Amino acid sequence: MGLNERAGALMGVNPVLFSQEPSRHISDLECRHIVASHVFRRPPDELPVLDEMLSTGRFDVLQDEDIKEHLRNYVLFRGRARAYYEEATNELFRLHSRFPDLIAIGRVPTEAGLVGGWTALSGEGFRWGPVCDGEKMRASQAFLNEYVDNLSRIGSMTLFTEQRQEHLKELESALSARLGATAISGLQE
């Protein structure tokens, strides 16, 4: 599940956690996303040809100033995104470890058809299953503060992903204009 899907699931439970809706059972899916709210995988951002040109000092071989400008902008953006990722993952709030009275982890049978999931060293046919106590979560300001910190990081990572996609679309447009649409579409096949 991607960042947007995870963010959507968490946004759905926020009104319950922040007492803006009546208390209800926190679903298994919502609880798993709360438990994993500290997990951030650095999205791939490498452009191997660009990296090779930069590392060998051959960037100036490119003659098209528009393409060079798009590549420079991407390199600057990538540097900011990588620095943010380092900062965002420097101090992680593993909520199930910090608040074991609010989130209990148990060994539960794996559901038929479950793909992925938290199964490392759980044993054949089992997975690790969190159970969230919504009432206690609502009452714990310390939990809510750390949860919001994790949400903010997810929001920032989502924004960086969207911005990266925009940079790459702009670069693709510049390359298409310079090389012709047939050259680019031929590379994608």
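Residue numbers for the sequence shown follow our numbering, so the first one is 6 and each next one is one higher.
Beta carbons are placed, not taken as given, at the ideal position from N, Cα and C, and that holds for glycine.
Quick caveat, the model's predicted, so the values are computed rather than measured.
Look at residue i and residue j and say whether their C-beta atoms are less than 8 Å apart.
i	j	result
residue 94	residue 45	yes
residue 100	residue 39	yes
residue 150	residue 42	no
residue 86	residue 50	yes
residue 136	residue 111	yes
residue 147	residue 71	no
Closest to residue i by CA distance: which of the options is it?
i	options	result
residue 82	167, 179 and 181	167
residue 143	123, 13, 118 and 21	21
residue 130	145, 141 and 116	116
residue 90	63, 147 and 48	48
residue 35	124, 64 and 138	138
residue 113	133, 123 and 105	133
Applying the 10 Å Cβ sphere with the 16-neighbour rule, what's the burial state of residue i?
i	result
residue 191	In this prediction, residue 191 has a pLDDT of 49, which is less than 50 and means its spatial position is unreliable; nothing more can be read from the coordinates.
residue 187	Below a pLDDT of 50, predicted positions are generally treated as unreliable, and residue 187, at 46, falls in that range; the measurement from the model is reported next regardless. Exposed, because fewer than 16 other Cβ atoms sit within 10 Å of the Cβ of residue 187.
residue 66	exposed
residue 29	exposed
Entirely enclosed beta strand (DSSP E) segments - the stretch 106-192, minimum 3 residues: 108-114 and 131-137
Return the chain-ordered ranges of every alpha helix (DSSP H) run that is complete within the stretch 31-102 and spans a minimum of 4 residues. 33-40, 53-60 and 70-93
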